[in-house]
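Okay, so here's the structure we're looking at.
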Amino acid sequence: MQISHKITQKLINSKNVLITAHKNPDGDALGSMIALGLSLKALNIKITMYNESPIPAKYGFLPCIDSIKQHFCEKENYDTAVILDCSDLNRIGKAAQKIDKISSTINIDHHLLNTEFGDFKIINSKESATAEIIYHVIKNMGVCFNKDIATSIYTGILTDTGSFRFSNTGISAFEICGEMMGFGAEPSKIAENIYGNYSLNRIKLIMKALESIEILNNGSLSIITLTREILIKTGARDEDIPGLINYALEINGVKVAVLIKQHMKDIVKNRGIDKFHVSLRSDGSVDVSSIASLYHGGGHYRAAGFDINAKLCDLRADLINKLGSY
Ligand code: AMP
Ligand code: MN
Ligand code: MN
-9 MQISHKITQK LINSKNVLIT AHKNPDGDAL GSMIALGLSL KALNIKITMY NESPIPAKYG
51 FLPCIDSIKQ HFCEKENYDT AVILDCSDLN RIGKAAQKID KISSTINIDH HLLNTEFGDF
111 KIINSKESAT AEIIYHVIKN MGVCFNKDIA TSIYTGILTD TGSFRFSNTG ISAFEICGEM
171 MGFGAEPSKI AENIYGNYSL NRIKLIMKAL ESIEILNNGS LSIITLTREI LIKTGARDED
231 IPGLINYALE INGVKVAVLI KQHMKDIVKN RGIDKFHVSL RSDGSVDVSS IASLYHGGGH
291 YRAAGFDINA KLCDLRADLI NKLGSY
């Protein structure tokens, strides 16, 4: 893909860059942040990597992961902010408005529905991962790849393609990952860290998640519900949840899978209303990003999500109603 020369020059000429991505970061958010961070550092540019959420333990192997800050320093005089893997600026979390005030903001993303925020943008929903776009940005900046950058890019592509299984897996995903291997990325080690290192609590959570599966709409809709009670009982954390929804989608005949997760905190008191994160996945016959956008969320054709304050029974009924026609 073509990267605008203007944006590359903007990055190269920056002096103090903030690099951030969506909260509850995945392998693409983290891999993209680190790959870009290391590349700008190689150009002697001052960088700070910021993410609101704690870093999932399975990504502990990524280079420089410990230098990602969870605290946004307002005193720092950033001239550029790069926002990665966010369809909407608010996906960053609490610091969104502060980051918006930085003099130049660059939005780099691959979501289908992007609000096109920022002073500069590189948005391409054809790329499997933001890490693919970052690969091109690094090439355009003329920075040489090394093992650390290669490992980060590889991780972003591996995780966002569901280990090269999802329909977004194009030739470029393989080509770039092959090239990253040439620079030292080790596929088996990376995969072992990400997929072979689960907590026992996650396994307990899987048991409860499977127990909760409901099959509706003549077998085309499946719902997993993770209540706060289940999360407390199993001792599972947010980082134990990614991937669980695939059990619901992998069932023969299921077109849309839903995972409803009750938040541990942030209870809106009284009225029985709670905060939920809802994940949606499709087998390819339904655009779940359009469903998520009905609830002010977003995502991709086959994988989307949203956050909502609601009563669990109302949310369930509303989702079943909206998904009933598939
Ligand atoms: P998840 O189900 O949380 O794994 O998210 C699946 C996809 O939906 C990801 O590409 C996210 O970027 C997107 N997504 C999840 N939650 C939200 C949200 N609250 N707003 C916008 N997009 C979201
Ligand atoms: Mn992401
Ligand atoms: Mn992504």
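Each step along the sequence shown adds one to the number in this note's numbering, with nothing skipped, and position 20 is 10.
Virtual Cβ for every residue (Gly too), placed ideally from N, Cα, C.
query                                                                                                                    : result
Distance check for Ala175 and Ser142, CA to CA, integer angstroms please.                                                : 8 Å
To the nearest angstrom, how far is it from the Cα of His(-5) to the Cα of Asn130?                                       : 8 Å
Under 8 Å from any heavy atom of ligand 3, does the C-beta of Thr120 make it?                                            : yes
Does DSSP put Glu66 in a helix, a strand or coil?                                                                        : coil
From Asp18 to Phe154, what distance separates their C-alpha atoms?                                                       : 13 Å
Taking just the CA atoms, how far does Asn183 sit from Ile37?                                                            : 26 Å
Is it buried or exposed for His61, if we count other Cβ within 10 angstroms and need 16 for buried?                      : exposed
Would you kindly work out how many angstroms separate the C-alpha atoms of Ile166 and Cys134, rounded to a whole number? : 14 Å
Start and end of the alpha helix (DSSP H) containing Val278?                                                             : 278 to 284
So, helix, strand or coil for Thr(-2), using DSSP?                                                                       : helix
DSSP on Phe173, reduced to helix/strand/coil?                                                                            : coil
Pull every residue with its beta-carbon under 5 Å away from any heavy atom of ligand 2, and keep them in chain order.    : Asp16, Asp18, Ala19, Asp75
If you measure from the CB of Gly233, is any heavy atom of ligand 3 nearer than 8 Å?                                     : no
Taking 8 Å as the cut-off, does the CB of His100 come closer than this to any heavy atom belonging to ligand 3?          : yes
Using beta-carbon positions only, say whether Asp273 and Lys301 come within less than 9 Å of one another.                : no
Which class does Phe164 belong to by DSSP, given the choice of helix, strand or coil?                                    : helix
Taking 8 Å as the line, does the beta carbon of Phe107 fall inside it for any heavy atom of ligand 1?                    : no
Does the Cβ of Asp150 lie closer than 8 Å to at least one heavy atom of ligand 3?                                        : yes
Please report how far the alpha carbon of Gly50 lies from the alpha carbon of Asn236, in whole angstroms.                : 24 Å
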